[in-house]
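J.: Top line first, the protein sequences correspond to chains Z and X.
Per numbering that gives the first Met the number 0, residue 0 is the first one in the first sequence, and the count goes up by one each step.
Per numbering that gives the first Met the number 0, residue 0 is the first one in the second sequence, and the count goes up by one each step.
First the structure, which I've put down as structure tokens, then a few questions once you've had a look.
Protein chains: 2
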Amino acid sequence: MSDNEKNDGKRPGPETTAAWVGLMRARERVLARIEADFKTAALPPLGWYDVLWELVQAEEGRLRPFEIEARTLLAQYNLSRLIDRLVKEGLVRREAFDADGRGQWVVITEAGRAMRERMWLTYGPSIEAHVGARLTEAEARQLAALLAKLK
Amino acid sequence: MSDNEKNDGKRPGPETTAAWVGLMRARERVLARIEADFKTAALPPLGWYDVLWELVQAEEGRLRPFEIEARTLLAQYNLSRLIDRLVKEGLVRREAFDADGRGQWVVITEAGRAMRERMWLTYGPSIEAHVGARLTEAEARQLAALLAKLK
DNA sequence: CTGAAGTAGATGCAATTGCATGTATGTGGG
DNA sequence: CCCACATACATGCAATTGCATCTACTTCAG
């Protein structure tokens, strides 16, 4: 066994490492820029958008918490409290789920829909500026395809 | 002006949006898997690795906080307290920086070097399993190149 | 020299997160 | 029917983060 493979065969190659580091840093930098745009526009945290968006997409503008969880990758306890904040702001409301006493619906309100639209007015251009403007259409497609392999 | 372009010309195309969403989700999922591996191995938070690594790379195993900041993208106030934690664990120590009374060196200790190596024993295989195994070498290279455009 | 402005880093406080656990309800085997 | 176990969501508490501000220095124009 040669000296530089003594531990095992599972060490990542330089391409893999570069991909991982690049993934962490790219998301860090782009996210920071987008969040700065949000701050400038005095908008709520970016994370709110995802929940509101999932609700808008959903039939009747409502989802069970565990469904939102699966769609957004939020941890259960974080989502639970995020919903609290959205309720407090009047962007969603909780409704009883009759078929299962443990469950509930999270329903987006009109104010919630309006907020999501308002956020998109900043978010959309921000994505375009910080992602779209740096990639050709083909590159963006390719990037998305490669990232999908990591799902 | 047609109806579906009434706001402005800065909305991201679907490729761009898919790339951005893919970026957020891919990093989220991969990070969660790697962190799970860290937890299993009872290792400190992943973020510690980056700081220790930068110090190992640096000449004489030391850097100024603002240099670490630039290399890791940590916020100044977060880094300040992260260093506190590393000091408390004996992984680094602070030393005076003579040429500038405001400054300091952060120096990695032997225990710090050992910890970084121990972390890599988990981190390396984890990167390989969750990133490397899902991409060919060419794909990894391509992904890294595309992500670099977002820096 | 000196005062104004800049830079390095620390820190109080509020908000958010992570972790473990709790409460309530549902389900399935015996 | 009943008990053990699973699922849906909430919550106490400690740790981490974000934000604003503070304390040293340093630098530099005048």
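Positions of the beta carbon are idealized from the N, C-alpha and C atoms, including for glycine.
Could you check if residue 39 (chain Z) is buried or exposed, using at least 16 other CB atoms within 10 Å of its CB as the buried criterion?
T.: Residue 39 (chain Z) is exposed by the Cβ-count criterion.
J.: Could you give the DSSP three-state label for residue 109 (chain Z): helix, strand or coil?
T.: It is helical.
J.: Return yes when the Cβ of residue 103 (chain X) is within less than 8 Å of the Cβ of residue 95 (chain X), no when it is not.
T.: In this structure, residue 103 (chain X) lies closer than 8 Å to residue 95 (chain X) by Cβ.
J.: Let me know the beta strand (DSSP E) ranges lying completely inside the region 81 to 150 of chain Z, each 3 residues or longer, listed in chain order.
T.: Qualifying beta strand (DSSP E) stretches, in chain order: 91 to 95, 103 to 107.
J.: List the endpoints of the continuous alpha helix (DSSP H) containing residue 9 (chain X).
T.: Note, residue 9 (chain X): premise wrong, no alpha helix (DSSP H); not H, not E.
J.: When the Cβ atoms of the region 8 to 18 of chain X are set against those of the region 124 to 142 of chain Z, are three or more pairs found closer than 8 Å?
T.: Judged by Cβ distances under 8 Å, the region 8 to 18 of chain X makes contact with the region 124 to 142 of chain Z, as three or more pairs qualify.
J.: Considering only the alpha carbon of each residue, which of X:30, X:98, X:50, X:131 lies closest to residue 75 (chain X)?
T.: Closest by alpha carbon: X:50.
J.: Return the chain-ordered ranges of every beta strand (DSSP E) run that is complete within the region 4 to 83 of chain X and spans a minimum of 3 residues.
T.: Within the region 4 to 83 of chain X, no complete beta strand (DSSP E) run reaches 3 residues.
J.: Express the C-alpha separation of residue 79 (chain X) and residue 66 (chain X) in angstroms, rounding to a whole number.
T.: Spanning the two alpha carbons is a distance of roughly 12 Å.
J.: Closest by CA to residue 46 (chain X), which one among X:84, X:98, X:137?
T.: Per the Cα distances, X:84.
J.: Rounded to a whole number of angstroms, what is the C-alpha to C-alpha distance between residue 61 (chain Z) and residue 107 (chain Z)?
T.: Cα-Cα distance, rounded: 6 Å.
J.: I'd like to know whether the C-beta atoms of residue 131 (chain Z) and residue 146 (chain X) end up nearer to each other than 8 Å.
T.: It is not a contact, given that the beta carbons lie outside the stated cut-off.
J.: Find the nearest neighbour of residue 59 (chain X) within the set X:105, X:26, X:138, judged by alpha-carbon distance.
T.: That would be X:105, whose Cα lies nearest to the Cα of residue 59 (chain X).
J.: What's the C-alpha gap between residue 98 (chain Z) and residue 64 (chain Z)?
T.: Roughly 15 Å separates the two Cα atoms.
J.: Using a beta-carbon distance below 8 Å, is residue 114 (chain Z) in contact with chain X?
T.: Not one chain X Cβ lies under 8 Å of residue 114 (chain Z).
J.: Am I right that residue 90 (chain Z) and residue 118 (chain Z) are in contact with their C-beta atoms under 8 Å? What's the rounded C-beta distance?
T.: So it is not a contact: roughly 10 Å between Cβ atoms.
J.: Check each candidate in Z:144, Z:135, Z:134, Z:116 and name the one with the smallest Cα separation from residue 56 (chain Z).
T.: Closest option to residue 56 (chain Z), Cα to Cα, is Z:116.
J.: Work out the CA separation of residue 17 (chain Z) and residue 151 (chain Z) for me, nearest whole Å.
T.: Residue 151 (chain Z) is absent from the model: chain Z starts at 0 and stops at 150.
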